[in-house]
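Novice: Numbering (the working numbering), first residue to last: 715 to 893.
C-beta: ideal position from N, C-alpha, C; glycine also.
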Amino acid sequence: MALGATIFKVILQISDLDRQYYGNHTLTIALHPSETETRMIIRLLAFALHANESLLFTRGLSSVEEPDLWQKSLTGELELWIDLGQPDGRRLRQACGRARRVVVVTYGDRAAEAWWQKGQAELARLKNLTVINLSVKDQNALAAFVNRTMELQITIDDGHIWMTANDHTVEITQSRWQG
Numbered sequence: 715m716a717l718g719a720t721i722f723k724v725i726l727q728i729s730d731l732d733r734q735y736y737g738n739h740t741l742t743i744a745l746h747p748s749e750t751e752t753r754m755i756i757r758l759l760a761f762a763l764h765a766n767e768s769l770l771f772t773r774g775l776s777s778v779e780e781p782d783l784w785q786k787s788l789t790g791e792l793e794l795w796i797d798l799g800q801p802d803g804r805r806l807r808q809a810c811g812r813a814r815r816v817v818v819v820t821y822g823d824r825a826a827e828a829w830w831q832k833g834q835a836e837l838a839r840l841k842n843l844t845v846i847n848l849s850v851k852d853q854n855a856l857a858a859f860v861n862r863t864m865e866l867q868i869t870i871d872d873g874h875i876w877m878t879a880n881d882h883t884v885e886i887t888q889s890r891w892q893g
């Protein structure tokens with residue numbers, strides 16, 4: 715019998731001083747059986763970095779045809795495709811052909827840096843691709859935020875992200891590697 719996804723309810727308050735975006739979002743997010751809690755939190759961070767009323771979580775790991783998040787226009791055109799991790803060049807070329815903007819959010823410092831060094835020349839040819847690296851001193855600290863119901867505050871200012879819940883705060887640094 716296949717394991718099902720675990721459902722989480724999130725109230726997310728975003729203060730993005732870089733984009734002048736301030737919003738509250740009530741989200742339902744599924745943790746795929748093969749996904750770590752840290753990766754799920756990274757998906758929430760990717761949502762916060764690009765948040766708007768049209769941005770949606772997709773089936774993600776359950777479907778190779780979809781990114782982790784996407785934004786479609788009113789006519790159904792893909793405006794924004796967001797993948798996490800270190801997707802291969804073929805997937806990114808296809809995504810860049812389908813969507814107006816493609817964003818890859820990497821994490822896991824050493825693995826992300828190795829992926830970037832290996833594929834940087836190929837990825838540089840994709841003009842509508844942005845690559846962002848999220849760096850946190852303690853990846854396990856992100857999993858400490860995970861509860862079946864979460865109330866999170868995310869503040870973004872000058873390339874730094876602060877995630878807060880209750881009295882616990884973690885700082886994440888974002889670096890734009892491309893785009």
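From this set, V778, A809, G790, M877, which residue's C-alpha is nearest S849's C-alpha?
Specialist: S849 has its Cα closest to that of M877, out of V778, A809, G790, M877.
Novice: Taking the alpha-carbon positions, what's the R814 to L794 distance?
Specialist: So the two alpha carbons sit approximately 6 Å from each other.
Novice: Taking the beta carbon of I725 as the centre, do at least 16 other beta carbons fall within 10 Å, making it buried, or is it exposed?
Specialist: Looking at its Cβ environment, which holds fewer than 16 other Cβ atoms inside 10 Å, I725 is exposed.
Novice: Decide if Y736 is buried, meaning its Cβ has at least 16 other Cβ atoms within 10 Å, or exposed.
Specialist: That one is exposed.
Novice: Quick check on the DSSP output: what are the complete beta strand (DSSP E) runs of length 3 or more inside the segment 780-845, in order along the chain?
Specialist: 783-786, 792-798, 815-820, all fully within the segment 780-845.
Novice: Runs of 3 residues minimum, wholly inside the segment 847-887: which ones carry the beta strand (DSSP E) assignment?
Specialist: Correct list: 863-871, 874-879.
Novice: Could you pull the DSSP bridge partners for F722 from this structure?
Specialist: Answer is I743.
Novice: With a Cβ-Cβ cutoff of 8 Å, do V818 and V845 count as a contact?
Specialist: Yes, Cβ-Cβ distance for V818 and V845 is below 8 Å.
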